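Residue numbers 59 to 503, in this note's numbering, belong to the letters of the sequence shown in order. All residues carry an ideal CB built from backbone N, CA and C; glycine is no exception. No experiment lies behind these values; they were computed from the predicted model shown. All remarks here apply to the structure that follows.
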Amino acid sequence: MPTDIIMPQMGESIVEGTITKWLKKPGDKVQRDEPLFEISTDKVDAEIPAPASGVLQEIKITEGTTVGVNTVVGTIAIDGESAAPPAKAASAPPQSPISQPKEEKKASAAPPPLPAPSADATPRSVDNAEEEARSSPLVRKIAREHGISLAQISGTGLGGRITKQDIMSFIEGPSSRPAPIAAAASTSRPAAPPQPVPTQQTAPPPAPAAYPGDLVPMTNMRKLIAKHMIESRRTSAHVHCMYEVDFTRIVNLRNKHKAGFEQRHGVRLTFMPFFVRAAIIGLQQWPIINASIEGDNIRYHRQINMGIAVALDWGLIVPVLKNAGDLNFLGLQRGITDLGERARTKKLKPEDVEGSTFTVTNPGQFGAVFGLPIINQPNSAIMGVGGITKMPLVVTDKDGNDSIAIRSVVHLTLGYDHRLIDGAVADQFMALVKKTLENWSEEVG
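The following block contains the structure:
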């Protein structure tokens, strides 16, 4: 029996997912755990691996379709079984009577008169057949509705296949449009030049360009981000406090150790584990900030599961470093690096994006002095990291003498839910984070 390909559940609260791209086509061989298709949910964009080795027999759910979890989206004929021919597995739509006459019931019966073609039906030509082979029924339907010839669109899918994103980008672009197909049907047009067929797609297609005056639909991920940000604002009583931290000690420490750290451990030394470690020390001292509200109750979490916000070209995602309080500095750096790389390459697993108890976000990497982040539900707090800049500060020596010096400074912001966390607690937490960073004594390795 063929093996079913299932829409996975990508988080505890996720009930559906959108198939954004199939990486194989019917008839292609696949290996178990090889990336098979890409999905998008409100928590993660991910590549889903094949559940078995064999041949992709059928694609049941086309790209751009949203379905519930546990839905069968395709089938794989496992090794040793016969797979359905690719043409059948693709489940092509019924064709017009002109291109596919009905089966004759009696050989001696006269053929019935053919119905007149509809307004959008044209005799199949070599060009039409080629276009259908390079596109899905949904793409062809969109093309008919907008009067577009698929021959004028370069496909970015495997084998030059035209995807929904390709045709939507063509429709939404500001360039001049060709005359509708119906209007041009009365005149013969030359055969379309053959489209170049890429041998391998090395990078995802770029997002459609937007220009002043364009109306561009939101991606599924952007719609879900917007929904959750509004829900968080409505749920939590947001308050923010900001602390200025003399970061000179850590900047010098990183500059001293970063080359040797990478040589010894095979991973770059970044600033993020310093902030995460300082937050962990603060959460251990003030566990209410690591708690969450459940109805009229407070859930004090046993572990510190650190959400690390990662900015992607197509949105924002928060993978989770589980049991972060049990990790040493090297373990934090390795975990943060691993989550960031897998988020950017769509390799995250469902368990990687659920269960956070506190979140750190870093708008400072893009030059922001500080930010006022929105709480990542159901967390009760989020710490924002600003940019590291040099500025003059008043420095007091051990004898109490003041002087002005150039120091590396970072501004940290805590966004917290005032329903659960009092201002005094939030300030004491941040004061401890500041003290930990300014007086760093932990071995970096």
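Would you identify the three-state DSSP class for residue i, choosing helix, strand or coil?
i	result
K314	helix
K493	helix
T415	coil
S176	Bear in mind that the predicted position of S176 carries a pLDDT of just 39, short of 50, making it unreliable; the figure below should be weighed with that in mind. The answer is coil: DSSP assigns S176 none of H, G, I, E or B.
T124	strand
P251	Residue confidence is low: P251 scores 43 on pLDDT, short of 50, so the model does not pin down where it sits. No coordinate-derived value is stated.
E116	strand
I394	helix
G389	helix
D480	coil
A104	strand
M449	strand
I433	coil
G422	helix
E501	coil
G383	helix
L208	helix
I272	According to the sequence provided, residue 272 is Asp. The question's Ile does not apply to it. Coil, per DSSP.
Q67	coil
F428	coil
P170	Residue placement at P170 is poorly supported in this model, since its pLDDT is 46, which falls under 50; the coordinates are not used for a value here.
Using DSSP's beta-bridge definition, name the partner residues of residue i.
i	result
W80	F95
A439	Y474
R202	DSSP lists no partner for R202.
K87	V113
T454	D460
T61	I134
I375	V368
S466	K448
G75	V125
Could you tell me whether the Cβ atoms of residue i and residue j are closer together than 8 Å?
i	j	result
T99	G75	yes
P431	G473	yes
Q410	L397	Residue 410 is actually Asp in this sequence, not Gln. A contact, by the Cβ cut-off of 8 Å.
I351	L273	no
R90	T306	no
F387	E501	yes
I63	V130	yes
D103	E96	yes
A372	F487	According to the sequence as given, residue 372 is Trp; it is not Ala. Result no, Cβ atoms of W372 and F487 do not sit closer than 8 Å.
A349	H359	yes
A108	I136	no
T395	V325	yes
I117	P84	yes
A401	F416	no
V427	H469	yes
K404	E105	yes
F329	R357	no
V452	D460	yes
V378	G429	no
V197	I229	no
S294	I200	no
L327	K316	yes
Are the C-beta atoms of residue i and some chain D residue less than 8 Å apart?
i	result
P345	Absent from the structure is chain D; it holds one protein chain and no more.
Let me know the beta strand (DSSP E) ranges lying completely inside the stretch 282-368, each 3 residues or longer, listed in chain order.
296-304, 350-352, 355-357 and 364-366
Would you be able to state if there are at least three C-beta pairs under 8 Å between the stretch 382-394 and the stretch 358-366?
yes
Assess contact between the stretch 480-494 and the stretch 333-344, defined as three or more Cβ pairs (one per stretch) separated by less than 8 Å. Is contact present?
yes
Would you say the stretch 74-91 touches the stretch 109-125, given that touching needs at least three Cβ pairs under 8 Å?
yes
If contact is defined by three or more beta carbon pairs under 8 Å, each pair taking one atom from either stretch, is the stretch 297-304 in contact with the stretch 459-474?
yes
Report yes or no: do three or more beta-carbon pairs, one from the stretch 271-291 and one from the stretch 439-448, lie closer than 8 Å?
no
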